[in-house]
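Pasting the structure below:
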């Protein structure tokens, strides 16, 4: 009788675990630890937020592990179907979507409600990276024009819902791909100068353009209010400016070392609106202070730098473009969220990765990190 001895569990798992980028994993686990710690404090008296956050985080990490096993060439093959599906779902949302608080962002698919715009955070950079990979040997101006068209379509559809926060993230992810694909600086610099001049004009003319009888072109009324509230939140301290003022008070009261774990008065007396979602950094700053914020920023910085290294070493143009866009998308999330909580950017619905509560956001996060890990694994396999 022949006895076949099964190899140890570690040996069987080794092919699945090999190739994972250890520095990137360490940065992820560091941020996950801070996220769980902060959510326990901010959400322990907020129903099942902590348990749900831990479950969502486990789901995100599981998706990262699964997607990391998919070779980049398979990811490229999914670009067109995912992008097409995302656009189709956005059209269905516009026609049959569910409206909440004046926004039509959700679609009933029978068993649950989904927010199709979240899919475009992944599908748009994936599609653009695939497009430039195909045009690599014959890249010309019409190819960049087509790329902008592919980007503006989902951005405008999402912004019309309206969901400017998600729209900005979709737009930023696509612009990063186009930038890394070789968009000339002579086109980038004028846009940056115009944006800077526009911001300066807003600040200088705030007293005139923020009068109640002044109507802004293009932007909706609630978006005008957000910008004017950012310029001077004290004009409506108990209304539109409440979020910004309370966020600044919480962060400032944390001082150098913070008030201590679970000792944030602004947080637990419920002065901070959305303390487990968009404004969780205010709760974090109050309890952990400047030093805690530095530790959190160190984790994000490590993740972003490691992602850019993975992008620079990727064996294909598709991998370089996708990894670069995914990595800088994390920068956009962090900059926009911390900026709006600190009062330097308008309040938009952008979560802080790993820290803010949100199941859909955590799924998107896991998929993005999985693609980054897939590109890192492909780089190691090429070297070996």
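Numbering (the working numbering), first residue to last: 17 to 400.
Where a beta carbon is used, it is the ideal one built from N, C-alpha and C, also for glycine.
These numbers were taken from a predicted model, which means no experiment stands behind them.
Taking 8 Å as the cut-off, decide whether the C-beta atoms of residue i and residue j are in contact.
i	j	result
residue 386	residue 40	no
residue 193	residue 337	yes
residue 47	residue 370	yes
residue 332	residue 87	no
residue 320	residue 351	no
residue 267	residue 358	yes
residue 308	residue 196	no
Would you kindly work out how many angstroms separate the C-alpha atoms of residue i and residue j, rounded to a whole number?
i	j	result
residue 269	residue 300	11 Å
residue 210	residue 63	46 Å
residue 19	residue 189	Its pLDDT being 48, under 50, residue 19 is placed unreliably by the model, and the measurement read from it follows with that caveat. When rounded, the distance between both Cα atoms is 55 Å.
residue 99	residue 144	10 Å
residue 316	residue 377	17 Å
residue 69	residue 55	7 Å
residue 157	residue 151	11 Å
residue 43	residue 318	6 Å
residue 167	residue 179	16 Å
residue 17	residue 81	Its pLDDT being 48, under 50, residue 17 is placed unreliably by the model, and the measurement read from it follows with that caveat. If you take the alpha carbons of residue 17 and residue 81, they lie about 39 Å apart.
residue 252	residue 259	10 Å
residue 149	residue 334	5 Å
residue 71	residue 379	11 Å
residue 223	residue 117	29 Å
Of the residues the options, which one's Cα is nearest the Cα of residue i?
i	options	result
residue 132	108, 93, 149 and 391	108
residue 312	37, 36 and 52	52
residue 172	151, 160, 148 and 140	140
residue 330	247, 391, 359 and 278	391
residue 110	174, 50, 84 and 206	174
residue 65	158, 374 and 150	374
residue 170	326, 101 and 281	101
residue 84	112, 279, 37 and 222	37
residue 138	95, 113, 260 and 364	95
residue 274	325, 286 and 310	310
Are there 16 or more other CB atoms within 10 angstroms of the CB of residue i, so buried, or fewer, so exposed?
i	result
residue 229	exposed
residue 134	buried
residue 182	buried
residue 250	exposed
residue 129	exposed
residue 198	exposed
residue 50	buried
residue 353	buried
residue 395	buried
residue 237	exposed
residue 203	exposed
Starting from residue i, follow the beta strand (DSSP E) in both directions and report where the run begins and ends.
i	result
residue 156	Looking at the DSSP string, residue 156 is not in any beta strand (DSSP E), and its letter there is neither H nor E.
residue 121	119-124
What are the start and end residues of the alpha helix (DSSP H) that includes residue i?
i	result
residue 106	95-112
residue 356	333-358
residue 240	237-247
residue 69	65-84
residue 196	180-196
residue 258	258-270
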